[in-house]
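Visitor:
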Amino acid sequence: MEILRQDLLGRLTQRRRAILRHVISSYVRNVRPVSSSLISESVKASSATIRNELAALEEMGFLMQPHTSGGRIPTDLAYRYLVEELLSDLSETLADRGRVAEVYSQLSSETESLFEGTLDLLTEMTGYVAWVSLPRPSALEIRSLNFVEAGEQEILAVLVTATGVMQSRRIRVPLETSSLDLARLSESLTNYLRHRSIIEVDYQEMRRIFIETVNLPEGMYEAVSSFIEGMSFSGERVMFSNALKLVVQPEFSSSESLNSVVNVLQDRDRFIRNLRSRLNSRSVQTIIGSENSDPDLHQVSLVLSRYDVPRAGEGTLGVIGPTRLFYDRTLPWIKLIGESIASALSDSSEGLLPGRDG
């Protein structure tokens, strides 16, 4: 997640906040750079003052100027600022709140019907491409991670869960890697990972431990983290609504920009990998533009909600749109629909239990 540093927030005076909100609102609606003359219609300040404030906001990283003689547009940091304000209070009244209750009351209790109905509802209420990932067991707790020599310049990474499930992967290592280095790394990483579920792993913290414990190439850390991360979404099912919703957005008017996003949506594992690498503890959250770990998703934002189903596990649902999507109306819908599907699925969770189809 893009970090909103306290020193930046401290420099956001009331006037700068008003100007920033105006630029964001205007650009989201019109997809055109916003000029100082347009801002002066709603912000009480001289043209010179507004130009100075725009320059300050650009220097702080909230705005950018595509052309030297043109207006400004918001950056990912500007959208992050807006989202953090919205997330502090998601109590907005939704005019069509009754529509959600109506849809779920009419859907079959069969899980496929619930998921398909949720996709349709998300798209109807937001206008963006929607997805739902089916619940998955989230408490796969780690017992140990060990590294075993498996030949010249090769080791076997072995991860064992508290239930005794064991997974392994062969990893290439430098010729000079010693048994002592491997033992120290096994001990340090096991101490960190033990009693954590796979989806609770903080990969930045794991990277720090890796660097402080041994002097091994970055590629080995990437291989180890990819191995663990792969277990966290192994077999996870995800459903999407029609990707044609992207075509109507000006940002995706070129086939190249559209194809880069569609390629990720067609590769379910790739999409889940990007999603899982950025999930945090919030029930409703956003991944904005360059915050996506997958470069092909840097033009889009994901707004999502986690939901839990008793005895079945955790899933996610959300929408994908341009970074300038309507966060103010999208976030409350995601929150409400996330709560609604969790409630609906709780009544039909038998079909979602491990070992059953669903």
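Here the numbering used here = 1-based position in the sequence shown + 1113.
The C-beta atom is built at its ideal place from N, Cα and C for all residues, glycine as well.
Since the structure is predicted, the reported quantities are computational estimates derived from the model, not experimental observations.
1. Following the continuous alpha helix (DSSP H) through residue 1453, name the residue where it begins and the one where it ends.
2. Using DSSP with H/G/I as helix, E/B as strand and the rest coil, what is residue 1260?
3. Provide the residue span of the alpha helix (DSSP H) that contains residue 1231, from first to last.
4. Going by the CB atoms, is the gap between residue 1220 and residue 1227 shorter than 8 Å?
5. How is residue 1267 classed by DSSP in three states: helix, strand or coil?
6. Comparing alpha-carbon positions, which option in 1161, 1193, 1353 lies nearest residue 1118?
7. I'd like to know if the stretch 1396-1403 and the stretch 1153-1160 are in contact, where contact means that at least 3 CB-CB pairs between them fall below 8 Å.
8. Are there three or more Cβ pairs, one per stretch, closer than 8 Å when the stretch 1407-1416 is compared with the stretch 1438-1455?
9. Roughly how many angstroms separate the alpha carbons of residue 1144 and residue 1436, rounded to a whole number?
10. Can you say whether residue 1120 is buried or exposed, counting buried as having 16 or more other CB atoms within 10 angstroms of its CB?
11. Look at residue 1255 and residue 1311 and say whether their C-beta atoms are less than 8 Å apart.
12. Helix, strand or coil, according to DSSP, for residue 1469 in the structure here?
13. Report the residue from 1388, 1140, 1162 whose alpha carbon sits nearest the alpha carbon of residue 1188.
14. For residue 1196, count the other beta carbons within 10 Å of its own beta carbon; 16 or more makes it buried, fewer makes it exposed. Which is it?
15. Using CA coordinates, which residue listed in 1274, 1239, 1315 is at the minimum distance from residue 1354?
16. Within the chosen definition, does the stretch 1280-1292 reach the stretch 1321-1335 through at least 3 CB pairs nearer than 8 Å?
17. Residue 1384 to residue 1261, Cα distance in whole Å?
18. Am I right that residue 1231 and residue 1430 are in contact with their C-beta atoms under 8 Å? What's the rounded C-beta distance?
19. May I ask you to report which of helix, strand or coil DSSP gives residue 1464?
20. Hey, which unbroken runs of the alpha helix (DSSP H) at 4 residues or more fall wholly within the stretch 1195-1221?
21. Are residue 1122 and residue 1175 closer than 8 Å when you measure CB to CB?
22. If you count every other CB in all the chains shown that lies within 10 Å of the CB of residue 1185, and 16 or more means buried, which is it?
23. Which residues share a DSSP beta bridge with residue 1398?
24. Count the other C-beta atoms from every protein chain shown that fall within 10 angstroms of the C-beta of residue 1246, then say buried if there are 16 or more, exposed otherwise.
25. So what does residue 1274 bridge to, in DSSP terms?
Guide: By the coordinates alone:
1. 1440-1459
2. strand
3. Where residue 1231 is concerned, the enclosing alpha helix (DSSP H) starts and stops at 1224-1239.
4. yes
5. strand
6. 1193
7. no
8. yes
9. 11 Å
10. exposed
11. Yes. Within cutoff.
12. A caution first: residue 1469 carries a pLDDT of 35, below 50, which makes its placement in the model unreliable, though a value can still be read off. Of the three classes helix, strand and coil, the one that applies to residue 1469 here is coil, per DSSP.
13. Answer by Cα proximity: 1140.
14. buried
15. 1239
16. yes
17. 31 Å
18. 6 Å
19. Bear in mind that the predicted position of residue 1464 carries a pLDDT of just 47, short of 50, making it too unreliable to give a figure here.
20. 1210-1219
21. No, the pair does not count as a contact, with Cβ atoms beyond the cut-off.
22. Classification of residue 1185: buried, given that the 10 Å Cβ count is 16 or more.
23. Answer is 1417, bridged to residue 1398.
24. buried
25. Note: residue 1274 sits in a beta bridge opposite 1255.
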